[in-house]
Structures are given as C-alpha cells and as structure tokens.
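Trainee: Protein chains in written order, with my numbering: chain A, 1 to 914; chain B, 915 to 1828.
From the three backbone atoms N, C-alpha and C, an ideal C-beta is built for every residue, glycine too.
Quick caveat, the model's predicted, so the values are computed rather than measured.
The structure under discussion is supplied below as structure tokens; questions concerning it will follow.
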C-alpha cells in the first residue's frame, strides 16, 4: 500500500519540499525545514489522498490508514518523550489543514489537542501557570466544539462574555484561572446539551474527530467558493498536519508571529512581518489584536530576532523565492511552524522577479514564469489622482495592505456588498474581515478594516485577489449594526453611512471621504518595462493585438504594447448619435436606391474613424470587420412598439406628444402616430427573429445588401489613401464575419477586392498591401477551414460566438442555469471567460490545421474575449496561431501569457513560422 | 484538343449511348440509334463542354470549336447530298438542346433552319407544296426571331392573327401560300424594326445564332428553376444537336409523334403514345392540338406502325428500360428522332421494375436501384375516397396523366398559385400549361388542363414531380381572364370560380366539383410489397424506425414497415388540453414541493401514453426523449402579456371579463387582473430568452429540475411494467436531449437508472432490458463523442438542431435570406431538408468514429428530419449508423434509400456490425 502518513522532526523527515501534491504546502515546508535541521516541532502529515479516500469511503478513514497514523503518533511520542493523553506528561498537538495551494483561513485548525479534565491539571502544574493551562483548555473546547461538533461560535461567546461580566473583566486577560474553570464548566454543559454527550476526554477520540473535521472543512461553502474563485480543483484535497504544540502564550517570554522575507505588497526587499507576545498564532492572523511590526522583535529579544533573520534568509535562498513563514517563541526558544512561497501582489511579483534576477537568485526565464499573468492586471489598474486627493477629506491612514485605487460606496456586510455591487461600485468597511466574508470581498472594489495588520485575513485575501485594501485603520470606529463608520478629525467627528462615497489608496493606506478621480496606470514604468521586455524576448514572433473600435482605444492599446488592432467592430460606430438615424433610414428603405442614399451619408463618418485608427497604428496591421449585428438592433424594440400601439387609442394629447417625440426620427407627429408606428412595427416584425444569434447578421447582411459591404470597403480604402498619403504606413485587413463556408466568403471578398482595386487604382496606389480574411466563429467554418483557406488570407477566431454555437449555449441566457452547472461541476470554468479547450478548442485546433494545410501562409489569430485570458492565450500559442487580440488593458497579460507558453515549449512552432 | 463535335448518320456515329455526359441524353440516343442502323436523319452533336466554354469565353464559341463544327457540317452535307444555304438544293436542319438529364420544354429549339428568301422558293418547287414551304419559313422566322433575336411571341402572333383576320381565316391551315408570304413580309419588317437589321439570309449566320441561343437557353429562369427543383447541377450544360430536317408536315402522308414502350403513368406494359398527321413535333408536345392515340397509327399506316413497334421493342431490350421516343413520318417513311429512358411516375417505376424482373430483363438488384426513393412518396399518398366521389358532381373526365388524388381550391395562373398555396391547397386549372408555368405547377396539389394529351407539357412535368394531373379534359372551357372554368353537364352549365374546391383523381382522369375525402394508401399492396421486400433483403441489418409521439402514429409507422420508434417527443403530450394546466402549474411553482405536486398529476397521463407506444411496438425498440423545449413555450407570450397589461387600465368591464377568461387558468378574475397578470409576466420575464434555441432547454431543464426527469423516468418504467406484464416484449430506450458533454449526460443518466432500478425491482423485473443514451445535436457533444460514449449506450443524431448549431443558422429565421443564399448558390440544397454532408456530416462522421472507438457496441441512429431524405439516409448508412428514424410516411422511402446505399457498397459495414 502507498505510504499515507509522513513523519517529520529531529532533523529528519519522510517527505520533502517537493511533495506538495501529497503533503500540501504546509506539510512539504515542514518536512523540508526539518531536513534543513531548523527548529521545527516534530509531527506528521496525513496525505491529501486520504482526504479523497475519506469522502469516497463514506466519511471515514479506513482502518489501514488509521493504523498508519497511530504508528506515526508513536514516533512523535517517542521524539517528544510524551504520550497523548498521558496524565503525567501529556503530549499536546495542533491539527491543521494544508492543501497544495494556500487557502488562507478557509479551512479549520484545532490547537491544544490532548487536553482533558486531567491533563489540564498536569499542564497547570508543569507550566507553573494555571491561567495559561485553563485558557488553553477553554480555547481547545471552543475550537473543537465549533469545528468538530458543529456548535455555533456565538453559543461559546455568550458563555465567555457572561463570565467576563460576572468577573467584571473588560479584557480577556483579566479573567483568572478560576474564572476560566467556570467558563470550561459552561462549555462542557453546552456540549452535553447540544450533542447529548460529554465533551470527549479520550485524546485518541479527540485526534480522530479533529482529523476528520479538517477533511470535512475542504467542502465548506467558503472553501468551495475560494477554490472556484482561484480555479483550484476540488479533487486536490487537503492534507492534515499533526504537530507537537509549542506555546507562544506561555507568558511574557513567549510570542508568536508571521512574516515575509520581502514586502508582499510592494516587493521591496525588507524583512517584513508582525508578532504578538504571549499569544497563539490565531491571535495574529485573525486580526483581533493588532500586532507589532517585526522590527520591534529585535528590541524584544535580539538573539531570537537574529536567528529568525538568519533562518528565513537561508530559506529564501533555498527556495529561491519570497518566503511566508510562521514562528513561535516558547519561553525564549524559537520554533519554525511553517514556510512557504509567499503570496504577493502583482506589483510585488514583478518587482521581486526583477530584483531576484539582479541578485542572481533566478534567471530571466524563471522571472518571466514567476508572475501570474492575471496579476499584471493590478499594475495596469488606475491609481488615485493626486489632485483629486487634495480636494477630499483624509478620513484615516491605515496599513497599505494591498495596493491600487478603489472608489465606491460604503457597505458594511458581505451580503450587502453582494446585493449592491451591481448597481454601484462598493467598498466593504469592516472592523475586521472573517473567512465567511469571502463572497462580499470578491465583489468589493476595495476593503477598509479598522483592525488587523499586514497579515490579517483582509490583507492576505485582498492581495491574493488584487483588490486594494487599507487594513488596521485604528482611528475609525465601525458600527456594523448602525451601518456607520466614524472618525474624529481634529476633535470633530466625521460620520459616513452606507451608500456614502469612499476612496482608498491601497498603496499608501489612505482612506478619503468622497469620490476621487483616478488616473490610468503607466505600463511603461521602470520595473514593469524591464519585466515586459524580457517577456517579449521569450514571446518572439507571436503577436499581441488589441480590440479597439475608436482612435482613443487604439492609442491606449499602443501604450500597452499592442502590435496592431485585431478587431475593429464597425457597428459600434453606427450606434452613435448623428449616425444611427442614417442607419435607421437605411434599414427602413424599401429599395436599393434609398439604401445607398442613406449609406452615402455614413461613408464619410466611417472613413474618418478608420483614418484615425490607421493613424494610431502606424506600421501595424488593423483588422476591420464588416457589419455584424442584426439590423433590428438599430430599431426600437418590438414589444415596446406593440405596447405603444396598444395604448395609443387611449392616449391624451400629452401622451401623444410624448410618443411623437419618441418616434420623431421616424417622421412621427401627433396627427400621424398610428400610421407611423404601424409602419415601423411592420418593418420591425419583418426583421424580428426567434434566435437573432443564429439569424440574419454577419456576412448574411452583406450578401443580402451588398451595398453595405461596398460602402464599408469604400470607407476603409479611402481612409487608407488619406492616411498613407501623409506618410503613415497603413496595413489594412478586412474581415468578413459569420461565414459558414468558402462560398459566403468569396461573395463578400469579391465586393471588397473590387472596391479596393478601384479606390487604390484611382489614387495611383496599386501597390498598397491589404488582406481580406474571415472570422471563424461558426463550427461549419472551422470544419471546412481547408476550403475556406484557399480564398481567405487570414483567419481570426471569434471564440465568443464559436463558444455559443459549439456548445449550443447563448451567452445572454445561460446565466439562468450557470449556477446549477457550476454547482454540479458540469463546467470547470465559465466557458465565455476561459476557452473550453476540450470542445471548442478541439474545433479551433482542427481549423488551424486544416487552414494551414491548404494555405501555409495563412495568418491566424483570435479576437474573442478569450484572447486576453492567460490559459486561453497559451492554448492559442500551442495550436500555432500567429497572434491573439484582446482589450487594450489586457495586452500586457496576453504578452506575458504568450511568453510563458513559449518558455514551456510548443509543438506547433514550426507550423506557425512556416 | 478534345473532340467537341460528334457526327452521326448513315448507320454510323462518332459517339454512342453511354456518352450522356458529353452528348446529352438526346445526342447519345441518336448516336446509339445510328449505330443500331435505325432510320435516323443524320446530323452532329456539339458537346456539353462547349456550353460551359461558351459562358466562360464571354458568350462566344472559340474559333477552333467553330471550325470543328464546320467540318461536321460538311460531313452532314455530304451525307445528305445537300448544302446549307444552297439555292438549288438547300439543306434544312433542326437545332435542338439536349442536356444529360431530360428537361422537357425548358430549353429552346429551332426548326427549318437554312430557309431564306431564296431557298424557300426552292423548297416550294421541290416539295411541290408552296404552302408547306412558306409555312416552314414563317415558323422558322418566328422561332428564330423569338429565341435568337429575343423578340416577343405576341408581336409575331399579332401579325399572324392580323393576316388571319384579313384573309377571314378561322384556322391556321386556312391561310394560303400567298397569305403566308404576307405574314413573312410582316415578320421581316418586325425583325428589321426590333433589331435594326434585316432577318439574316446567310444560313451559316443562322446556324451560329441558333447554336448560341440554345446555349443561352441553359440559363433561362425556367431552366434554372427546373434544375433547382430537380437538383440538377448548373455546371452540366446542354449539348446542341444539329440534324437534317425531316417533315411531318409535308402533307397527308406525313405525321409526327411521340411514345413510350410502356405506360409511364401506371407502368402497364402497353405501347403508348400519340401522333398527329401533317404536323411538326412541337404541335404534339405543346398541347395546341389534341393528338390521336398511337394505336390509331396502325389504321393510318400499318407498315410504319409495325416498323415503329419493332424498333421501339428492340430499343427497350437494348436499353433494358422503358423508352420515350420521338418519330416523324415524311411522305410515308419513318424516321426516329429521339429515344431515351422514359420518365415515369412512382407507381409506374415500381411496376416496371418488378415486371422487368419477371421478364428477365433486369435482376432484383437493378430493380431496387431503378426507383428513386422520393418517388415512393406517390404510392404512399392518399387516394380519393370512393364513397366521397359518389357525393360529388363529376365535372369532367380527361386523361389520367399523372396518378394520385388532389383536393384544393382553383387558381387559373401560375402566379396566383404561388400567391395562394400557403393559405390553402390549390389546383391549377389551365387551357394548357407552358414551360413558364413551372413555378405555379410546383406548388399546386394537382393540375387540370382542357387541352393536351398524355405527353403534353402538363402531363410530362406532373409525372416528373409526382403531382396528380388530369389533362385534355376537352369538355371544360377555361376562361383564364374571367377566372372561371365551366362545363355543360346534361345541358346545364356548371361554372366554378377561383377559390372553389376541386378534386382530381389523376389515376382515372376524373375531376369532381367540391372537396372530396381522401383515404390513406396501402403500403402492403401487391407490387409495392414485393418491391419493398427486395429492398429489405438488400438493406440487411440497417434499421428504419419512425418518429412517433402517440400510439396512432406508432400503429401507422408499423404499417409502413418501421422497426421501432426512433424518437418519441414527450413534450407533445404536455401541450394537450387537460395537461398543459399542470405543466403551467409546475412552471409557476416557486419550490420543488409544488413542482412535484404538479408533476405527480402528469405522471399517470405520460404512463398511459408510453404504454400505448410500447403496446404498438411489441418486440421493437421505443426511444423516448425526456423533456426538451424551454419552459416559456408553455406560458402565454411575453409581448401579449405586456400589451394586455398596458391596456388593462383602460379596459371596460366587458374587456376585463375577456381578460379574466383568457387568463382563467392562472387564477384570474375581474377583480385581481392586475395582480395575476403582473405575477405571470414576472415569471415569463424570468424565463424570457434572447436565443431560446441556445437557452434553458433539453437536459439543462432536467439538471435544474431533476424532479421532471424523475417523473418522466417513472412514467416510462411503470409503463414498461404494465405492458410487459401483458406478455408484450418491451424495449425502452431513454434518450437525454441537448447534452454538450459527458457530464450532463451522467447527471441525467443517474436519475433515470435510479428510478428504473427502483420501479423494476419493485415489480420483480430486474432483468428487464433497457438503454440510456443521448441525442447528439450540439457540436460539442459530437466533438467529445469519445468520452460521451463511455457512458451512453446509444447516440441518436438530432440533425435539425445539429444543423442549426453547426451552421449557426436558425431554422425559424433563415427564411429571411434563404432566397438570397439560393440565388447566389451558397446553399446547394435547403440544409434542413438535405443533410449538409460537407459540414454537418463531417461532424456526424467524426462523432460516429469517436463514439465507436470507446464503445464498439454503441447503437447509433438519426432522428432529425433528414432521416427520411434519401441522400441523407445513404450518408447515414455510409458512415456506419445502425438505423435512421423518420416520419411514418417516409419509412418506405428510407428503406429503399438504405437498400440502394447497401447495393452501392459501404466502407463502414464492418464498423456497424462490430
């Protein structure tokens, strides 16, 4: 049988740091530290496999594995010279979760296990600190009661607060040992009442219960939600770490702390962290007490401080990455409880990667692989406008826990955040956040907490999500009940309520009352520019273009490094005021002549727009797609018209005037409303479609109304002439949407080529280079890509529509059952966010291969939303596309994802360069 | 260079009967008859290739080919001892079209070419019949003027009728030679006026003009339309046959005729045809004069009659098929002008095939290949109910030109037919039909003509289309202007007008005033039963099932030979009165409990329906699909509700009562209308979808509401138990619709299997066999068919939806641009009628191969509309499916198509039987 329980301690370990799959991150780190002879309390790790076995085995650990655990426990007891449950010298252990990927605070932990009514007395005697012993015991009952026995926290809190009241204590620490014995008695009768059984006194039973509860915590709602958010598979499971207790709360010479070898928010190379004297680890992380900066540890105990710096520096060198560590000092002796590669913000990730290259710790290749492309988003997000800051009231200054600007309206609970974020951006303001707040934190633009440090729950989670966070703003008072936050500024109390605007600067820790302006980030700034330069080196010839419809977007795209426009949607130009009228006139025209007349009015506008794009993209290609949406999108809605017509006979003059105003563009006046509305409805009915997604749109419009394609082609090539004459290099690529096969393409291509040749010849520019290609967004086009490629000069995958058709899934409608599908794990990801490689991707690959077979020079790209999603970008690289195209802000993300794909190796490389 | 002009005559020919591709049907037949030493006037055939060259070469025949023609002309002149345009002994020729597939009357013909102002005199002298000569010349000018010079027929008619008036002639034949010279003078000045040039006197110029005009006639609207209707490719082109003239109109010893070796309407083995003395061929075919039955030829000239019988019998044996021939008798001498395999009706095709096997002319294999599966439709169509006939007035008895019953309302023009057929079935009533009527004939249920024989245009075209036709009902008077048809019955005039009902029996030639009842055909009748028996022998194990939702259809399906039900759409059961209320209650339910309550009421109804199907299909499988359509289909329409709510504030009591009645089922009363309608609209809005085709339907419903699938599974298996206990063998196959991958399938399969095991175990029927499989109707399901097949026990291709998704084409909406697509030849066929093998078919094949790879025992079928379309059935056979399923009436068609596919050979045979 496969080994399932791994011991560590006394400078040796069964596992090692590479075994994260089996031991989880924490277990692997403990094993590795033991092997490095670091001071680690001994223990053992139950593998992640057991977690899955536990669920498959009907919520039970099979006897074989249980016995293996007992063997490991025996080793631990020998190493400690103590026995679990031994009245004379009881071994106390912690039981912690530890998955492959860190999920801070999402799963359960139990400390001080092994205490019972007897052993607590021994601990009191041996520690010579009865208050400490009874505090440990009451904490243990509380944790165990909550996690294993599933009794609500508030039930325990009520008993504890009751005792405080009785003892007239303000702080927890004012309770005496005797008080705590009262609390314990209360807890025990609560357990008896809720479970019908006494609190378990048998230490082995305690251990088994705690182990199983940790497994079960893998499937708490918040853990599931966190994994979904972070795309962590449910099938990984968590390991369970059982480790001898060391106590940071044994008195004034004890302490506990957490830290990072560098600043995880900014990336600055500075020893970073916090500690609390006379406390257990939970006290630091939970944010209940605000801890001291780690620099003060030097004053508190210089030897320990130096030892800690030495150990963590060694660990960083060993792992060649920023370390996130936990330690406990028991009676002046340092113990390492955890080390792992630290989570960091996007800016920190980039800075650390670049600086580690400078330090010779890693090379450029590794540096490029070190940054999650999604994280770059944080560097590209806006910052607060310094001018704007000056006009607002500085409400408070807290810790710069997660960088970036956040502007929104205040909410005080996670549920409120979820309820309100759709109508306005929200900032979640909390005393401190708890793991159950995760759903609200996910939707908030930023988070402000009154308590907690740089490693508090809010700080850690926000950095993970890239959400700006100001933590531990201690001057503010949060009243979650009244839904108010107040602060005294120069003796005056300023109070903000739910819905009031708040602006956070997560990079400085400032919180401003009011709505600040923001400024775009500068992607060409120092460290990012170097980093992206390396990424581009590895990316090589694989291009990244941007989707941009107007010159302003095109200019932004260039700033973010776009090497061309991969998609210009011409219809966006038609919806604008001053244009839609002509579009409507075109649609309502009953013959080609009147249609041409209306189109003639649109021509100069389109030409001007295209000229702006060509100007911005000097020397880079610009892909322009001909008209795509169904014509009814430009007219009033059918049901609105039906209602208006139904109501018309009852309308008074005022209402009629209102109708006349609404339908003015269509020639409506008070006296002719019925005629005009009926005629309009008639045309709208003619255009009405049951499934517009599969209807008369895309190239089908250009085939029915060739004059539309003709006008667009004319606008494009007249713009080419205009701009090229200014000495700008113009590379136009005309793209036909929604073809199902080569015949539709040829029909439209002929029009484009005819007009192009005509316009260019007239301008004496016969040598002007241009391409005519097609979207591949209908499965049939992909299936017949070999014949399409004989005529098309480029393909661009429209994976939005291709996903809709390949999966038979309307993007506008599937939200109705999206949740059901996610709950039942039918979709691993939202297929409109992350390309479905198994299904849609198979079709994409097929089309690439078929297309290149008949046209080896075929230029191939993607312009669906997936073009900016890292996994999908890597897929595009792997199948041999020439470029991806995405929204301007996602261009750097795509550049990095492509670089990582290139580094990871690619079988299709030869095809692409063919 | 490839030979392009083929001479024939004097017992020899360059080509032969097999060269239909090159010579067309007529040219190949002439060559073959020459080789058989039959009396054929010599001539030459210009190949079909030249037709394409002509169009590619900008409407001109290249010099090389023209010279080749001059060479062939020289041979012809030598064979005839005459010269084209020679004043002393002019050669006269006919110039006729002749494509690979017969297109009766669709293209142009020119006779008497070679006549001019000089040669007509020679002809007058030599024939000693000036009237004949000038009649030939005026006919030639008229044909040439119309066909080559494109002058309207009515212009010529006006001159001709003017002369008749002037000469006080009633019949054409009353005009003298001198009269005809006047007509010719009139014609010539018409030509001068219209073309600005004199009528060409140069015979070579005439020949060239006629040749090119015949090529151009390949692309007349009617020819294009005919080809589209008959799925004949535009790229085939027509040949041109130039042949020495023989004259059936040389006097009373001359005649012309057409005939068949068997009856093309019934298949009866009887010499069949018609002739007209002193006439040219056009006179017979055009239906202007009603000809004599061919039996009367025996009286007229027995020797010629015997020679003709001998020749045609020989031709039938030679071609081993019914022959359609044309002949001319010039001065008592017989000439054969054409022979080809005869077009025939469905009943005739079956009878001829079966009888020829009896005669030893062909074997069973050939017999099965001889019948176009689509033609079987005619044998399966209803016939007039004899009882009903007795109650109606027999209006007229004409010729039984094309069999079958037709009941409809009268129209008098092709355009009226096209305009009206959508609102009611129409019968087209005409004096005689002309090729330009084709679009109206296509949509008519039946055709009645007052003139014309069994080989008239109406008769020939109707037999080709399988449309019932009564031709030459000479007692009726058709006034197309007044839109009336009248007939005198026993001295009383009966007049029917446009829109009146008319019933035709094309098998007896009877026409009844009024709307007759019809009876279903009997597919088990003698000759058809034998024929289908042979087809089934060749078809082997490839199954044909029927789509049937209710027991009545299932019983019909068995009668037509269905070997099971391939698709039972359970939702059709829900739309019925007494059921839809429960369905609506289920949809409006806000929780699972209320949903289950409503479902519980539907359960016994579904169970009863299923039991009926199982009963009817004793021993054959029944595939039942779980609920498929989106739920909003069961509720009132959103826009109707919006209008009603908008109008409500203005409604008086009467209107409110009407509203209350409309919405009664939803609890509406006059006093609560606003509340009820608003609540209903709220739910309808929740369910509203932008693209319902791609929305919340199919298995997605069963995943969101597992209780629906559960109820349906329970109804199915309870019905299985009920029926099996009666000793009936039940083979249920439960089918999950609209899956995109294996996970959705497994979700639903688990429910079905759980319920099935439960119900069967409770009934002590654990051994009852059943399958759970899936529709493949979403491209993703096809692309991932390998993984789907690991769980599914069968696939059934839903090619309706698969076509919609693969082509991105909504069946309900694409009619908006269907015509544009057909005109531009983007779709060869309607992809919802004939499976798109290149695109959709590629996906189907891929899914079959992938599915069998992981599950070699996978049962695979098709249940889309394509399952009854012969080309698609053959495709299904070829890719290795196990069966097709189609509507009951199309089952025999599918059986025959499958047999033909089996005979034609199939590479996937091994896969299917694996």
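Would DSSP call residue 1254(B) helix, strand or coil?
Mentor: Three-state DSSP puts residue 1254(B) in a strand.
Trainee: Suppose contacts are defined by Cβ-Cβ distances below 8 Å. Is residue 1688(B) in contact with residue 1706(B) by that definition?
Mentor: In contact: residue 1688(B) and residue 1706(B) (Cβ atoms closer than 8 Å).
Trainee: Within 10 angstroms of the Cβ of residue 154(A), are there 16 or more other Cβ atoms? Answer buried if so, exposed if not.
Mentor: The residue is exposed, with fewer than 16 neighbouring Cβ atoms inside 10 Å.
Trainee: Per DSSP, which residues does residue 1206(B) bridge with? Please list them.
Mentor: Bridge partners of residue 1206(B): 1189(B).
Trainee: Name, please, each residue of chain A whose Cβ falls closer than 8 Å to the Cβ of residue 1657(B).
Mentor: Here the neighbours are 824, 825 and 826.
Trainee: Strictly below 7 Å CB to CB, what residues from chain B border residue 804(A)?
Mentor: Here the neighbours are 1608.
Trainee: Residue 568(A) bridges to which residues according to DSSP?
Mentor: According to DSSP, which records beta bridges pairwise, residue 568(A) is partnered with 624(A).
Trainee: For residue 1226(B), which residues of its own chain have a beta-carbon under 8 Å away from its beta-carbon, when the five flanking residues on both sides are left out?
Mentor: Same-chain partners within the cutoff: 1173, 1175, 1185, 1237, 1239 and 1253.
Trainee: Going along the chain, which residues of its own chain have a beta-carbon closer than 8 Å to the beta-carbon of residue 1190(B), five neighbours each way excluded?
Mentor: If we look at residue 1190(B) and ignore the five residues flanking it on each side, its Cβ neighbours are 1162, 1169, 1170, 1171, 1197, 1198, 1203, 1205 and 1206.
Trainee: Along chain A, in chain order, which residues have C-beta atoms closer than 7 Å to that of residue 1618(B)?
Mentor: Within chain A, the residues near residue 1618(B) are 817 and 820.
Trainee: State the Cα-Cα distance for the pair residue 1577(B) and residue 1606(B), rounded to the nearest angstrom.
Mentor: Roughly 24 Å separates the two Cα atoms.
Trainee: Tell me the DSSP bridge mates of residue 1240(B)?
Mentor: According to DSSP, residue 1240(B) bridges with 1172(B) and 1252(B).
Trainee: Return helix, strand or coil for residue 362(A), following the three-state DSSP convention.
Mentor: Three-state result, residue 362(A): coil.
Trainee: Quick check: what's the CA-CA separation for residue 1292(B) versus residue 1477(B)?
Mentor: Looking at the two C-alpha atoms, the distance is approximately 22 Å.
Trainee: According to DSSP, simplified to helix, strand and coil, what is residue 267(A)?
Mentor: Residue 267(A) falls in the coil class under three-state DSSP.
Trainee: Determine the DSSP secondary structure at residue 1822(B), reduced to helix, strand or coil.
Mentor: Its pLDDT being 44, under 50, residue 1822(B) is placed unreliably by the model, and the measurement read from it follows with that caveat. Correct three-state label for residue 1822(B): coil.
Trainee: By alpha-carbon positions, which one of 1010(B), 1392(B), 1523(B) and 1432(B) ends up nearest to residue 1152(B)?
Mentor: Per the Cα distances, 1010(B).
Trainee: Taking 8 Å as the cut-off, does the segment 516-526 of chain A touch the segment 333-353 of chain A (at least 3 CB pairs, one atom from each stretch)?
Mentor: Result no; under three Cβ-Cβ pairs closer than 8 Å.
Trainee: For residue 650(A), which residues in chain B fall below 7 Å Cβ to Cβ?
Mentor: By Cβ distance, chain B contributes 1564.
Trainee: Identify whether residue 1777(B) lies in helix, strand or coil by the three-state DSSP scheme.
Mentor: Correct three-state label for residue 1777(B): coil.
Trainee: Which runs of the alpha helix (DSSP H), 4 residues or longer, sit entirely within the segment 583-652 of chain A?
Mentor: Runs found: 592-616 and 638-647.
Trainee: Counting contacts by CB-CB distance shorter than 8 Å, is residue 656(A) in contact with chain B?
Mentor: Answer no: the Cβ-Cβ gap between residue 656(A) and chain B never drops below 8 Å.
Trainee: Taking residue 851(A) as the reference, give the member of 83(A), 742(A) and 136(A) with the closest Cα.
Mentor: Cα-wise, what sits closest to residue 851(A) is 742(A).
Trainee: Taking Cβ to Cβ, would you say residue 689(A) is nearer than 8 Å to residue 630(A)?
Mentor: Yes, the Cβ-Cβ distance between residue 689(A) and residue 630(A) is below 8 Å.
Trainee: Consider the Cβ of residue 412(A): report whether some Cβ of chain B lies at a distance smaller than 8 Å.
Mentor: Output row for residue 412(A): interface = no.
Trainee: Give the residues of chain A in contact with residue 1757(B), contact being defined as C-beta atoms less than 8 Å apart.
Mentor: Correct list: 779 and 783.
Trainee: Excluding five sequence neighbours on each side, which residues of the same chain lie with their C-beta closer than 6 Å to the C-beta of residue 934(B)?
Mentor: Correct list, in chain order: 942 and 1014.
Trainee: Chain A partners of residue 1552(B), CB-CB under 8 Å?
Mentor: Neighbours of residue 1552(B) on chain A, chain order: 639.
Trainee: For residue 1765(B), which residues in chain A fall below 7 Å Cβ to Cβ?
Mentor: Within chain A, no residue comes near residue 1765(B); the closest Cβ sits about 15 Å away, beyond 7 Å.
Trainee: Between residue 647(A) and chain B, is any beta-carbon pair separated by less than 8 Å?
Mentor: Output row for residue 647(A): interface = yes.
Trainee: Counting pairs of Cβ atoms below 8 Å between the segment 174-190 of chain A and the segment 57-71 of chain A, do you hit three or more?
Mentor: With a cut-off of 8 Å, the segment 57-71 of chain A and the segment 174-190 of chain A do not count as touching, because too few Cβ pairs lie within range.
Trainee: I want to see whether chain A comes within less than 8 Å of residue 1661(B), judged by CB atoms only; does it?
Mentor: Chain A, which has a Cβ nearer than 8 Å to the Cβ of residue 1661(B), makes this yes.
Trainee: Any beta carbon from chain A within less than 8 Å of residue 1652(B)'s own beta carbon?
Mentor: For residue 1652(B), the answer is yes, since a Cβ of chain A falls inside 8 Å of its Cβ.
Trainee: How would you label residue 1235(B), buried or exposed, when you count the other beta carbons within 10 angstroms and need 16 or more for buried?
Mentor: Flag for residue 1235(B) reads buried.
Trainee: Expressed to the nearest angstrom, what Euclidean distance is found between the alpha-carbon atoms of residue 44(A) and residue 35(A)?
Mentor: When rounded, the distance between both Cα atoms is 14 Å.
Trainee: Assuming the contact rule is C-beta atoms closer than 8 Å, residue 1647(B) and residue 1708(B) should be a hit. Round their C-beta distance to whole Å, please.
Mentor: The Cβ separation is near 6 Å, so the contact holds.
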